[in-house]
Amino acid sequence: MSSTNHFTYLVLGAGSGGIASARRAAKHLNSKGNGDRIGIVEVTRSGGTCVNVGCVPKKVMWNTSFIKEMINAAPSYGFDFGGQVKFNWPTIKKSRDEYIKRLNGIYDTNLAKDNIVKINGYGRFSGPKEIQVNGENGEKYTADHILIATGGRPSVPDIPGKELGITSDGFFELEDLPKSTLVVGAGYIAVELAGVLHSLGSETTMVIRNKQFLRTFDEMLHTTLLKQMTDDGVKFVTEASIKSLEKDVDGKMIIATTNTGEKLPPVECVIWAIGREPNTNDLGIDKAGIQLVGGGFIKVDEFQNTNVPGVHAVGDICGNFLLTPVAIAAGRRLSERLFNGKSDLKFDYENVATVVFSHPPIGTVGLTEQEAITKYGSENIKCYNTSFVNMFYSVQVHKVRTSMKLVCLGKEEKVVGLHIIGDGCDEIIQGFAVAVKMGCTKWDLDNTCAIHPTSGIKFNEKMSEFCSTWQYSIDNPNCFPKIGFTKVCFMSGNYTCASSPGFSILSEELSFIYYGLLHPDEIIGKYLKIKGSEYKVTKATNSILNLTNTNNGRGIFIFRSLPLLFIGIYNDTFRLHVYQREDWFQKIQEIINGVVFSITIGTTSKVHEIFKTNKR
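Going by this note's numbering, the first residue of the sequence shown is number 135, and it counts up by one from there.
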């Protein structure tokens, strides 16, 4: 075989993951000057599903429907268009297609700049590390490493009349907006297309096999979205599947028959959005000896290796998180490992954020409530919820609610799931995803000063109120774990000292109680005034703060901070010790012995008494 037909790295599929991996490989191999060659095989336009018939054109259409919704809201904000606003589908289709074409050209230009050889044609394995392009008589290519990144395609049910429906690919070929549409499916593609079509004026019906769609998402999300879409006028046929399609007597409309024999009202367009399947059926997988798993996906290990040495796979073809950023990240890490000596580098599939561009959109990262309960046990999971009307709708009759949920684990209340549905959450989720990935706790969110007025502030404001204010604690004894500790805050003068969610000790000698947020490190070196006496705060160790009365050396202040318990009195200096919660009772008994003034454990009855007496 000619040396021009051998590559160091040969990528099968010029989609997001394949191109990202090829270009990262080129970055390292080209700089070495060893004559390494990189090739990429593609039968269609560069960019793959995402650029051509997926994320990118879908977002253009979502933006289009978003503008339509802004126009609907405009009169409430004082705008009067005089009935002159008209929507022209062919105009946006032309603009969208031109944009995609430009992106195709940019991808090809970048490949050429990186000295990556693009081989136009359909590639199949003809051996373990050999690719044949364009059939049995086509050219053969070998490589030291081969990456399979051929993605997936929309599924179509094998029923009579299936050809009368189109897939999500066909949606982008529509020359005009259908007057009526039947969307069959319950995943994010079905939800997104139904939302766009309905918003732009197509009478839209969704057919789903169960009672709910988006069933892998948190229950709060799909329940809220179903209600909102129903309120907006989208129709639903639940617990049903389509068994046949046929033309009506005029041959213009399509009639769908369900599994119960019911004939649904005729529609202009039927869209199959029942899932996607991997492009492995015509890759010559058997000739390469590559192992598959259920559904025809390629089996890979945590480093994207198949069972065949030197053959790798990334993206939708693997069936794990069918998301463009995942394919890109996994592809780049693979090239770093193969060609830049980072032998342990791999993609971390935990806490991958995702967005559904529904109406309103959904943003989510981490575990659902049910997943968290299944993994850790219900006794270790606590959820915080809030729901409100976004300020944008404050002057409108039409109201759309935003809902949020935090799924927290254990005593430290580590955030293991964060879910939002509402305007702007597609952008909001990115920042929170970083925090969740870093292992943030609810206290970290509570202790962050939020931006006002925004929707994101509710993760600080409303979630803190849920089980952090005194009134809530009094009215809801469940907020007091076991014998009654909860989050408390002490304020004196201009300084507010706040504890975090968990256990606390109360002193009757405090002037009053106030809710606020301040980490103990922020009061080191400052002075607090309590009942007219001044106390200086100093740091003794990483786990101890000293509060010393500047007049007589006495200390009377009690404080607690995440995730441990601060308590203690030693001689004339009040020392705030840190103890694990499991040890709190024994330590309290040791330290309270001999105390000269009253210290009371915060039971619900005592908290109520202090609250009534000292609230300001």
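All C-beta atoms in this analysis are idealised placements derived from N, C-alpha and C, irrespective of residue type, glycine included.
Could you give the first and the last residue of the continuous alpha helix (DSSP H) run that contains I205? Here residue 205 corresponds to residue number 71 of the sequence shown, with the count starting at 1. Taken as a continuous stretch (DSSP letters only), the alpha helix (DSSP H) holding I205 covers 189-207.
For M204, does the count of other Cβ atoms within 10 angstroms reach 16, so buried, or fall short, so exposed? Taking the sequence shown and counting its residues from 1, one reaches residue 204 at position 70. With fewer than 16 Cβ atoms within 10 Å of its Cβ, M204 is classed as exposed.
From what residue to what residue does the alpha helix (DSSP H) around Q504 run? Working through the sequence shown from its first residue, we reach residue 504 at position 370. 503-510 is the extent of the alpha helix (DSSP H) around Q504.
Since S126 and N519 are thought to touch, with beta carbons under 8 angstroms apart, how far apart are those beta carbons, to the nearest angstrom? A question about residue 126 goes unanswered here, because the residues of the chain that appear run from 135 up to 750.
Tell me the rounded alpha-carbon separation between S150 and V529. Mapped onto the sequence shown, residue 150 falls at position 16. Mapped onto the sequence shown, residue 529 falls at position 395. Using only the alpha carbons, I get a separation of about 42 angstroms.
Just to confirm my understanding: we take N393, look at its own chain, exclude 5 residues before and 5 after, and list those with CB closer than 7 angstroms. What are they? Within the sequence shown, the letter at position 259 stands for residue 393. So the qualifying residues of the chain are A374, S375, K377.
Output the residue ranges of the alpha helix (DSSP H) runs that lie fully inside the stretch 279-353 and measure 4 residues or longer, sorted by chain position. 302-305, 322-334
Tell me, please, which residues DSSP counts as bridged to R466. Here residue 466 refers to the residue found at position 332 of the sequence shown. None; R466 has no bridge partner.
Among S492, V570, F522, the one whose alpha carbon lies nearest that of F200: Here residue 200 is taken as the residue at index 66 of the sequence shown, counted from 1. The residue with the shortest Cα to Cα distance from F200 is S492.
Chain D contact for V445 (CB, 7 angstroms cutoff): The structure shown contains no chain D, having only a single protein chain.
Please state whether the Cβ-Cβ distance between R230 and P191 is less than 7 angstroms. Here the question's residue 230 lines up with position 96 in the sequence shown. Here the question's residue 191 lines up with position 57 in the sequence shown. Yes, the pair counts as a contact, with Cβ atoms nearer than the cut-off.
Tell me which residue opens and which closes the alpha helix (DSSP H) that Y233 is part of. Sequence index remark: in the sequence shown, residue 233 carries index 99 (1-based). Y233 -> alpha helix (DSSP H) spans 223-247.
What do you get for H332, buried or exposed, if any count of 16 or more other CB atoms within 10 angstroms of its CB means buried? Your numbering for residue 332 matches position 198 in the sequence shown. So H332 ends up on the buried side.
What does the alpha-carbon distance come out to for the pair L163 and C542? In the sequence shown, residue 163 corresponds to position 29, counting from 1. In the sequence shown, residue 542 corresponds to position 408, counting from 1. Each residue's alpha carbon lies about 45 angstroms from the other.
Determine whether the beta carbon atoms of N485 and G500 lie at a separation below 7 angstroms. Mapped onto the sequence shown, residue 485 falls at position 351. Mapped onto the sequence shown, residue 500 falls at position 366. Their beta carbons are under 7 angstroms apart, which means N485 touches G500 by this criterion.
In its own chain, which residues sit with a C-beta less than 6 angstroms from the C-beta of G558, not counting the 5 before and 5 after it? The residue given as residue 558 occupies position 424 in the sequence shown. Correct list, in chain order: S589.
Closest to G167 by C-alpha separation, out of V177, V175, T142, would be which residue? As a working note, residue 167 is residue 33 in the sequence shown. Per the Cα distances, T142.
Under 7 angstroms between the Cβ atoms of G449 and G285? Position 315 of the sequence shown, counting from 1, holds the residue named residue 449. Position 151 of the sequence shown, counting from 1, holds the residue named residue 285. Closer than 7 angstroms, so yes.
How far does the beta strand (DSSP E) with R535 in it reach, from first residue to last? Position 401 of the sequence shown holds residue 535. Looking at the DSSP string, the run of the beta strand (DSSP E) that includes R535 is 535-543.
Does E270 come out as helix, strand or coil in the three-state DSSP assignment? For the purposes of this step, residue 270 is identified with residue 136 of the sequence shown, where counting begins at 1. If DSSP states are grouped into helix, strand and coil, E270 belongs with coil.
V427 bridges to which residues according to DSSP? Position 293 of the sequence shown, counted from the first residue, corresponds to residue 427. Paired residue(s): none; V427 is not in a bridge.
Since T502 and F351 should fall inside the 8 angstroms C-beta cutoff, what is the C-beta to C-beta distance between them, to a whole number of angstroms? For this step, residue 502 is matched to residue 368 along the sequence shown. For this step, residue 351 is matched to residue 217 along the sequence shown. Rounded, the Cβ-Cβ distance is 7 angstroms, consistent with contact.
Pull up the distance between the alpha-carbon of R265 and that of F259, whole angstroms please. In the sequence shown, residue 265 corresponds to position 131, counting from 1. In the sequence shown, residue 259 corresponds to position 125, counting from 1. As written in the sequence, residue 265 is Ile, which differs from the Arg given in the question. Rounded to the nearest angstrom, the two C-alpha atoms are 5 angstroms apart.
Excluding the five sequence neighbours on either side, which residues of its own chain have a C-beta within less than 6 angstroms of the C-beta of G444, listed in chain order? On the sequence shown, position 310 is the one that residue 444 refers to. Result list for G444: K263, H279, in chain order.
Between the Cα of C517 and the Cα atoms of P399, R158, F593, which residue gives the shortest distance? Position 383 of the sequence shown holds residue 517. The shortest Cα separation from C517 among P399, R158, F593 belongs to F593.
Taking the CB atoms as reference points, tell me whether A422 and V442 lie closer together than 7 angstroms. To locate residue 422, count along the sequence shown from 1; it is residue 288. To locate residue 442, count along the sequence shown from 1; it is residue 308. Yes, the pair counts as a contact, with Cβ atoms nearer than the cut-off.
Once you ignore the five residues that flank F437 on each side, which residues in its own chain have a CB closer than 6 angstroms to its CB? Residue 437 sits at position 303 when you count from the first residue of the sequence shown. Result list for F437: K480, in chain order.
Pick from L457, G212, S289: whose alpha carbon is nearest that of E411? What you label residue 411 is simply residue 277 of the sequence shown in a count that begins at 1. Looking at the Cα atoms, S289 is the closest of the given residues.
Less than 7 angstroms separating the beta-carbons of T364 and T338? Position 230 of the sequence shown, counting from 1, holds the residue named residue 364. Position 204 of the sequence shown, counting from 1, holds the residue named residue 338. Contact flag unset, no.
In whole angstroms, what separates the C-alpha of A207 from that of D242? Within the sequence shown, residue 207 is the residue found at index 73, counting from 1. Within the sequence shown, residue 242 is the residue found at index 108, counting from 1. Rounded to whole angstroms, A207 to D242 spans 41 angstroms at the Cα level.
Do you know how far the Cα of A277 is from the Cα of L652? Taking the first residue of the sequence shown as 1, we reach residue 652 at position 518. Taking the first residue of the sequence shown as 1, we reach residue 277 at position 143. Confidence at L652 is low in this model, with a pLDDT of 36, below 50, so its placement is unreliable and the value that follows should be read with caution. L652 and A277: Cα-Cα distance of roughly 59 angstroms.
What residues in its chain sit with their C-beta under 7 angstroms from that of V330, if we drop five residues either side in the sequence? Here residue 330 refers to the residue found at position 196 when the sequence shown is read from its first residue. Excluding positions up to five away in sequence, the list reads M195, W196, S199.
I'd like to know whether the C-beta atoms of G465 and S165 end up nearer to each other than 7 angstroms. Sequence index remark: in the sequence shown, residue 465 carries index 331 (1-based). Sequence index remark: in the sequence shown, residue 165 carries index 31 (1-based). Not closer than 7 angstroms, so no.
Determine the DSSP secondary structure at A178, reduced to helix, strand or coil. Position 44 of the sequence shown, counted from the first residue, corresponds to residue 178. Note on residue identity: the sequence assigns Thr, not Ala, to residue 178. The answer is coil: DSSP assigns T178 none of H, G, I, E or B.
Going by other Cβ atoms of all chains shown within 10 Å of its Cβ, with 16 needed for buried, is K227 buried or exposed? For the purposes of this step, residue 227 is taken as residue 93 along the sequence shown, with counting starting at 1. When all chains shown are included, K227 counts as buried.
What are the boundary residues of the alpha helix (DSSP H) that includes C559? Position 425 of the sequence shown, counted from the start, is the residue given in the question as residue 559. Segment 559-571, the alpha helix (DSSP H) holding C559.
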